[in-house]
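Here's the structure we're looking at; comments come further down.
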Amino acid sequence: MTIEVLIADDQAMVRAGFAALLGAHDGITVTGQASDGLEAVALSARLDPDVILMDVRMPQLDGIEATRRILGSGYPAAKIPRILMLTTFDIDDYVYDALQAGASGFLLKDALPDELVHAVRVVAAGDALLSPSVTRRMIAQFATQKPRTAESAHLLADLTDREREVLVLIGQGRSNGEIAATLFIAEQTVKTHVGKVLAKIGARDRVQAVIFAYDTGLVQPA
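Shown next, in the form of structure tokens:
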């Protein structure tokens, strides 16, 4: 299956570089480029990409609001794209908001070429791009600044004891294999538990599950 990618960034050189890099790999096609958030929303609806590389800071409409609109209930395209945020360390708080809006992860703009290609493939496959050394630290830092809601507490109460254990380990950045080893259960059983956890808390992927774990206080920053 060919992964169709839309690149949204206000810097033409960045767009051109990402497009050339991704286009050189089998199974990935760049179908469009947007120079601001409004254009990203419009092109996403028209081109129906699998993955969007979304810059955080753009004119007209920033990447966070563009993400909210694309992943909102009124989105007109046939399928919901996976959104990979492009960022630098100095705007982590904005990226946290984007992850809450439904983005599947983030990528630093100075990432290595292979990391970019890997990131696109990971989110296109329906997984989330969680970097244990960066993403969890960022989520932990900013989740503590967000007010906890009664709705989150209610959703947490719906989880079984085992599902809570799984959610804690997801929040700690553990893979399915690591969770299976920790709980002494089969990896397939872990996958079943993860699916139930995501469904019960209304999370699209593991990134949102990590955010939920911190938001509810189930996982505490180290």
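Reminder that position 39 of the sequence shown reads as 497 in our numbering, one-by-one numbering, no gaps. Backbone N, C-alpha and C define an ideal beta-carbon position, used for all residues, glycine too.
- Message: Restricting to Cα atoms, I'd like to know which of Arg504, Ala611, Ile465, Ala477 is closest to Met543.
- Response: Ile465
- Limits of the unbroken beta strand (DSSP E) element including Gln491: 486-492
query: What three-state label does DSSP hand Pro571 in the structure shown?
result: Note: Pro571 maps to helix in three-state DSSP.
Requested in this report: Could you check how far apart the C-beta atoms of Val488 and Leu480 are, in whole angstroms? I think they sit under 8 angstroms.
Outcome: 5 angstroms
Reduced DSSP category for Leu676 - H, G, I as helix; E, B as strand; rest coil = coil
TODO: Would you list the one or two residues that DSSP bridges to Met543?
DONE: Met512, Phe564
Check: Looking at the unbroken alpha helix (DSSP H) that takes in Leu625, where does it start and where does it end?
Finding: For Leu625, the enclosing alpha helix (DSSP H) stretches over residues 619-629.
Check your understanding: In chain order, what residues of the same chain lie with their CB nearer than 6 angstroms to the CB of Ile659, ignoring the 5 residues before and after it?
Key -> Leu613, Phe670
Which one of Pro539, Glu523, Val624 has the shortest CA to CA distance from Ala639?
Val624
Selected residue, minimal CA-CA separation from Ala524, among Leu505, Ala559, Val509
Ala559
| said: According to DSSP, Ile465 sits in a beta bridge with which residue or residues? | reply: Gln491, Leu511
Practice problem: Sort Val665, His483, Gln469, Val677 by Cα distance to Glu573 and report the nearest one. | Solution: His483
Ala611 and Thr674 closer than 8 angstroms at C-beta: yes
Delimiting residues of the alpha helix (DSSP H) encompassing Thr403:
Because the chain spans 459 through 680 in this model, residue 403 falls outside it and cannot be assessed.
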